[in-house]
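For the record, in the sequence shown the residue sitting at position 1 is 1 according to full-length UniProt numbering, with numbers rising by one throughout.
For reference, the structure is listed below as structure tokens.
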Amino acid sequence: MADILIVEDEDNIATALDFLLTRDGHRHDRIATGKGAVDRIRQMHPDLVLLDVMLPEVSGYQIVQDVRADPALADVRVLMMTARGSVVERRKGLALGADGFIAKPFELAELRAEMARLLAPGPAAP
1 MADILIVEDE
11 DNIATALDFL
21 LTRDGHRHDR
31 IATGKGAVDR
41 IRQMHPDLVL
51 LDVMLPEVSG
61 YQIVQDVRAD
71 PALADVRVLM
81 MTARGSVVER
91 RKGLALGADG
101 FIAKPFELAE
111 LRAEMARLLA
121 PGPAAP
């Protein structure tokens, strides 16, 4: 069981993630905007953040950059999610410090596999 923070503005995706995470036994919470996300991550210190790229107010790219700039959050894994799953978007997310990148819409099996990889003991390799 892991502590997971969902940063996602689309209710239908957040609802699907909520269902999946509850069914898999994870503790989780959600914030629907980029504003305040880094503070919430500091407060909650989750094992994993499911982070949308395109968010109101502050982008997922800015959030992952801020998280990686904080040494106290070095152990927090970040899985970025985007509807624009191009190679350029993926490279940018990983270059800014994301541990993984998944294109929406994603298959639940694909998301589960990526989460399992990131939550496994030891360093996460992109």
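For glycine and all other residues, C-beta sits at the position ideal for the given N, C-alpha and C.
Everything numeric in this text was worked out from a predicted model, so none of it was measured.
- The continuous alpha helix (DSSP H) containing Thr15 extends over residues 11-23.
- The UniProt domain "Response regulatory" (3-119) is shown to contain whole beta strand (DSSP E) runs of 3 or more residues at 3-7, 27-31, 48-52, 77-82, 100-103, in chain order.
- Contact annotation: the region 74-86 does not touch the region 22-39, with fewer than three C-beta pairs closer than 8 Å.
- Contact between the region 101-114 and the region 64-72 is absent, with fewer than three C-beta pairs closer than 8 Å.
- Beta-carbon to beta-carbon, Leu118 and Leu17 are separated by about 15 Å, too far to satisfy the 8 Å threshold.
- The way I'd put it, the region 83-96 doesn't touch the region 28-47; fewer than three beta-carbon pairs between them come closer than 8 Å.
- Each residue's CA atom was taken as its position, placing Val87 and Met1 some 31 Å apart.
- Distance from the CA atom of Leu73 to the CA atom of Gly60, rounded to whole angstroms, is 16 Å.
- By the criterion of a C-beta distance shorter than 7 Å, Leu108 is surrounded in its chain by Leu20, once the five residues flanking it on both sides are discounted.
- Here the alpha carbon of Asp70 sits roughly 10 Å from the alpha carbon of Val38.
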